[in-house]
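The structure appears right after this line, and notes come after that.
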Amino acid sequence: MTNSTNRTDNGTTTPPTWARGRSPRLQDTLAQPILARVSEMPENYVVEEHQHPWGQLAYASRGIMKVNVPGASFIIPPERALWIPKFTPHLVSTRFGLSFRSLYIDNDWSTNLPTTTTSINVNGLLRELILTITQWQEEYELNAQRNNLLKVVIDQIESASNAPLFVNMPTDKRLIKITSTLNKNPADSTTLEQWSHTIGATPRTLNRLFHKETQMGFVEWRQRLRILYSLERIERGESINNIAVDLGYESGSAFITMFKKHLGTSPKRYFKETNENMRELLNCSIEAAG
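For the sequence shown, UniProt numbering gives the first residue as 1, with consecutive numbering after it.
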């Protein structure tokens with residue numbers, strides 16, 4: 001296993017606050033079928049690229065996390081989780097801080113889970129299961145009740161619907177020049193025609209490469225990236241008009257139209273529905289197994 005180095009944006013290496021004062025012992029094999037890890041991550045926090053010899057379900061009960069894996073970048077809000085298969089290098093970061101919940105799943109229990117990094121929707125049952133397991137002691141007794149509950153967790157992950165809030169990252173050096181610029185400044189409005197003069201490839205060739213390497217055209221890729229960058233700010237209640245201008249849109253309405261096109265609802269409604277779901281979940285209860 002590759003050890004991770006945690007840092008903030010000013011270069012310091014202050015670790016996050018771990019629940020119960022320490023992190024679980026991470027070895028080549030897990031002592032339990034599912035092992036939970038809990039942490040509170042501060043603003044502008046980065047867990048450097050690392051990997052595990054088992055799969056991981058990464059979930060934030062508060063805040064939004066960004067996870068980079070080879071070839072893709074995911075944004076995970078509280079109503080979603082990210083399944084990261086074993087030996088997948090991944091970097092986790094947060095801009096505004098988050099409450100992090102991880103389930104490490106033994107390989108014998110994850111044989112039917114996806115073999116590629118997958119963003120999934122978290123329904124009420126799965127969320128309560130995650131929160132319940134994170135309350136257990138690290139070396140919990142695996143009695144029949146807990147064993148059945150863990151099986152339900154696996155069933156819920158297997159049956160969860162896909163929630164593709166991510167962008168694929170290209171490997172072609174010509175496209176990397178474009179995507180690196182947009183990652184630094186999502187508001188950049190340079191057209192493919194303008195890029196073609198800099199890069200030395202026709203707009204048609206560049207767009208064809210975007211489709212080949214990211215499964216979407218240049219304009220759609222840039223729109224998707226802008227959505228990902230907007231989510232943290234929307235969740236914090238920032239003005240839609242300010243977000244729109246910062247991301248290169250002429251007006252808030254233009255940004256809302258684009259947001260609806262990709263996520264099927266308005267920015268305000270998107271998080272209103274999420275918050276309503278979370279409040280409803282708090283009124284639900286699952287009998288904790290100890």
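The C-beta atom is built at its ideal place from N, Cα and C for all residues, glycine as well.
query: What first and last residue would you give for the alpha helix (DSSP H) that runs through LEU82?
result: Here LEU82 belongs to no alpha helix (DSSP H); instead the beta strand (DSSP E) covers 80-84.
One or two residues paired with ARG37 in a DSSP bridge: SER102
task: Look at VAL46 and ALA58 and say whether their C-beta atoms are less than 8 Å apart.
output: Their beta carbons are not under 8 Å apart, which means VAL46 does not touch ALA58 by this criterion.
message: One question on the structure: do ILE157 and TRP54 come within less than 8 Å of each other, judged by their Cβ atoms?
response: no
field: VAL245 versus PHE259: straight-line alpha-carbon distance, rounded
entry: 14 Å
field: Same chain only: Cβ atoms within 6 Å of LEU150, ignoring 5 sequence neighbours per side
entry: Once the five neighbours on either side are set aside, the close Cβ partners of LEU150 are PRO33, ILE34.
- prompt: From this set, THR118, ARG95, THR134, which residue's C-alpha is nearest SER39's C-alpha?
  reply: Of the listed residues, the one whose Cα sits closest to SER39 is THR134.
- prompt: When the Cα of GLN223 is compared with those of ILE176, ILE130, GLU49, HIS262, which residue comes out closest?
  reply: HIS262
query: For HIS52, does the count of other Cβ atoms within 10 angstroms reach 16, so buried, or fall short, so exposed?
result: buried
message: According to DSSP, is LEU49 part of a helix, a strand, or is it coil?
response: Reading off the sequence, residue 49 comes out as Glu, not Leu. Residue state, collapsed to three classes: strand.
message: So, for ARG236: in the same chain, excluding its five sequence neighbours on each side, which residues have a beta-carbon less than 8 Å away from its beta-carbon?
response: Closer than 8 Å at Cβ, skipping near neighbours: PHE96.
DSSP bridge partner residues for HIS90 (one or two, in chain order): HIS50
task: May I ask you to list the residues that DSSP assigns as paired with ARG62?
output: SER99
- request: Let me know the beta strand (DSSP E) ranges lying completely inside the region 111-148, each 3 residues or longer, listed in chain order.
  value: 118-121
- prompt: Between the C-alpha atoms of LEU103 and SER110, what's the straight-line distance to the nearest angstrom?
  reply: 12 Å
message: So the candidates are GLY71, ASP106, SER99; which of them puts its Cα closest to the Cα of PRO89?
response: GLY71
query: Any idea if GLN137 is buried or exposed, counting beta-carbon neighbours within 10 angstroms, 16 or more meaning buried?
result: exposed
- request: Express the C-alpha separation of HIS211 and PRO24 in angstroms, rounding to a whole number.
  value: Note on PRO24: pLDDT 46, under 50, position unreliable in the model; no value is reported.
task: Could you tell me whether the region 190-198 touches the region 226-240, where touching means 3 or more Cβ pairs closer than 8 Å?
output: no
- prompt: SER180 by DSSP, collapsed to three states: which one?
  reply: Shown here, SER180 sits in a helix according to DSSP, grouped into three states.
message: Quick check: the region 213-223 against the region 169-188, are at least 3 beta-carbon pairs closer than 8 Å?
response: At 8 Å Cβ cutoff, the stretches touch.
task: Kindly give me the distance between the Cβ atoms of SER61 and LEU131, rounded to whole angstroms, as I take these residues to be in contact under 8 Å.
output: 7 Å
Cβ-based burial, THR190 [other Cβ within 10 Å; buried from 16]: exposed
- request: Let me know if THR94 comes out buried or exposed under the rule of 16 or more other beta-carbons within 10 Å of its beta-carbon.
  value: buried
field: Spatial distance of PRO78 from ILE176 (CA atoms)
entry: 30 Å
query: According to the neighbour-count rule (16 or more other Cβ atoms, all chains shown, within 10 Å of its Cβ), is VAL152 buried or exposed?
result: exposed
query: When the distance is taken between beta carbons, is ASN107 closer than 8 Å to ALA160?
result: No, they are not a contact pair.
- prompt: Can you name the start and end residues of the beta strand (DSSP E) that ALA72 belongs to?
  reply: 72-76
query: Per DSSP, GLN56 is paired with what?
result: ILE84, TYR104
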